[in-house]
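Participant: Basically the working numbering = 1-based index in the sequence shown + 147. Dropping the structure in here first, questions after.
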Amino acid sequence: MAKGGRRRGGAKDGRANDGHGGSGSRGPEDGASRGRGRRAAREALSARVEGGTAELVPDPDRLRAWSLLVEGAPQSYVDLDDPSRLGFEYQRRLGHVVDLVAPAGRPLQVLHLGGGALTLARYVAAIRPRSVQQVFEKDTALSQWVRGELPLERGWRVRVRGGDAREGLGRLPSRWADLVIGDVFTGARTPAHLTSVEFLHEVRRVLRPGGTYAANIADGPGGGEGGGARPGPHRPAGARRPLDHLRSQVATAAEAFGTLVLVADPAMLRGRRFSNAVLVATDGDFPAAELSARCAGDPYPARVESGKALAAFTGGARPVTDATARPSPKPPDGVFR
148 MAKGGRRRGG AKDGRANDGH GGSGSRGPED GASRGRGRRA AREALSARVE GGTAELVPDP
208 DRLRAWSLLV EGAPQSYVDL DDPSRLGFEY QRRLGHVVDL VAPAGRPLQV LHLGGGALTL
268 ARYVAAIRPR SVQQVFEKDT ALSQWVRGEL PLERGWRVRV RGGDAREGLG RLPSRWADLV
328 IGDVFTGART PAHLTSVEFL HEVRRVLRPG GTYAANIADG PGGGEGGGAR PGPHRPAGAR
388 RPLDHLRSQV ATAAEAFGTL VLVADPAMLR GRRFSNAVLV ATDGDFPAAE LSARCAGDPY
448 PARVESGKAL AAFTGGARPV TDATARPSPK PPDGVFR
């Protein structure tokens with residue numbers, strides 16, 4: 148979900164890697180789907196789902212491109228004519244991770260925790276044909292509606308399952324995935340049980356040796372509700388420092404993985420903006436320098452932190468356990484306006 152995220156128009160600005168822009172991937176080519184795309188491009192669509200009111204808002208510049216909002220919060224952007232085009236900042240950064248976890252074009256086994264409009268699943272299918280993907284999306288009404296209005300291409304090996312992300316994770320065999328992408332928000336907040344050390348140990352179990360976990364984490368200035376572990380004796384309930392949640396998530400990931408890389412807007416890292424960061428974790432190596440170069444060339448450049456600088460960023464934050472976990476912070480009022 149794009150918390151306060153920005154979207155760029157124009158095909159070039161929207162791709163995680165412009166080299167993938169000529170992949171030739173298209174949406175369904177039957178006449179009914181083309182007709183529906185043209186009609187829907189003239190007006191927004193809406194539906195009641197488990198999370199409230201969902202909307203598909205057409206991109207005025209692209210005939211078959213849409214933004215998904217749930218209760219007014221932007222979640223995903225999809226271009227049916229070019230699934231490799233990623234519209235939101237955090238989606239571009241996750242796209243860079245997808246590009247870098249294996250040589251270009253190699254099929255992957257990918258687990259998505261959180262589905263939304265299936266943007267990243269579409270991206271993987273477009274740039275890494277023959278990949279096998281599973282998606283866990285708790286809001287089954289949302290996923291059914293999105294797939295009806297924005298169908299997946301025939302031949303893509305994407306299986307969408309309903310249910311809680313952690314419960315679904317527990318049903319998968321060990322060493323199944325090359326990549327796990329975590330992007331779960333309920334009411335604009337990540338549920339507490341998906342922020343703990345115990346949860347990340349389960350993620351690591353499902354990953355193959357050298358596999359990668361990439362998580363979308365929303366945080367920003369202090370003072371809001373939630374984020375990080377529960378307050379201790381020296382911090383009253385409700386009090387929160389800037390980036391408490393993000394720092395605690397980095398410390399938590401360090402308990403489960405040996406290599407960590409953080410990607411975020413510089414203003415966010417200074418505690419001045421509520422936004423999204425992408426945390427990458429693996430028990431192998433990750434090309435942080437290449438990720439930094441790609442992020443520097445994005446329409447909204449991001450900072451990439453790793454090693455000692457990232458360890459210093461945590462500022463002594465404590466890992467989160469199931470006993471101390473809280474949902475991610477509530478976004479400030481007006482952040483989506």
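Note that the Cβ used here is the ideal one computed from N, Cα and C, for glycine as well.
Can at least three beta-carbon pairs, one atom from the stretch 298 to 315 and one from the stretch 274 to 286, be found at a separation below 8 Å?
Facilitator: Touching, yes, given that three or more Cβ pairs across the two stretches are closer than 8 Å.
Participant: Within 10 Å of its beta-carbon, does D366 have 16 or more other beta-carbons around it, so buried, or fewer, so exposed?
Facilitator: With 16 or more Cβ atoms within 10 Å of its Cβ, D366 is classed as buried.
Participant: Report the partner residues of W303 according to the DSSP bridge assignment.
Facilitator: None; W303 has no bridge partner.
Participant: DSSP state of E176, grouped into three classes?
Facilitator: Residue confidence is low: E176 scores 33 on pLDDT, short of 50, so the model does not pin down where it sits. No coordinate-derived value is stated.
Participant: Since D226 sits in a beta bridge, which residues does DSSP pair it with?
Facilitator: Note: D226 sits in a beta bridge opposite A212.
Participant: Mapping DSSP to helix, strand and coil, what is A411?
Facilitator: A411: strand per DSSP, three-state reduction.
Participant: Give the C-beta separation of D330 and G261 to the nearest angstrom, bearing in mind that I take them to be a contact with Cβ-Cβ under 8 Å.
Facilitator: Yes, they are in contact, since the Cβ atoms of D330 and G261 sit about 4 Å apart, within 8 Å.
Participant: Out of L393, G444 and L319, which has the shortest C-alpha to C-alpha gap to V427?
Facilitator: If we check each option's Cα against that of V427, L393 comes out closest.
Participant: Measure the Cβ-Cβ separation of L267 and Q238 and say whether it is below 8 Å.
Facilitator: Yes, these two residues count as a Cβ contact at 8 Å.
Participant: Give the straight-line distance between the Cα atoms of A288 and K455, rounded to the nearest whole angstrom.
Facilitator: The alpha-carbon atoms of A288 and K455 are separated by roughly 44 Å.
Participant: Can you find the residues in the same chain that come closer than 6 Å, C-beta to C-beta, to L299, ignoring five residues on each side of it along the sequence?
Facilitator: Answer for L299: V305, listed in chain order.
Participant: Taking all protein chains shown into account, decide if S422 is buried (16 or more other Cβ within 10 angstroms of its Cβ) or exposed.
Facilitator: With 16 or more other Cβ atoms within 10 Å, it is buried.
Participant: Taking its Cβ as the centre, do 16 or more other Cβ atoms sit within 10 Å of D412, making it buried, or is it exposed?
Facilitator: Under this definition D412 is a buried residue.
Participant: Compare the C-alpha of G358 against each of A249, S231, A414 and E236 and name the closest.
Facilitator: Closest by alpha carbon: A249.
Participant: What residue range does the beta strand (DSSP E) around E296 cover?
Facilitator: From DSSP, E296 is part of no beta strand (DSSP E) but of the alpha helix (DSSP H) over T287 to E296.
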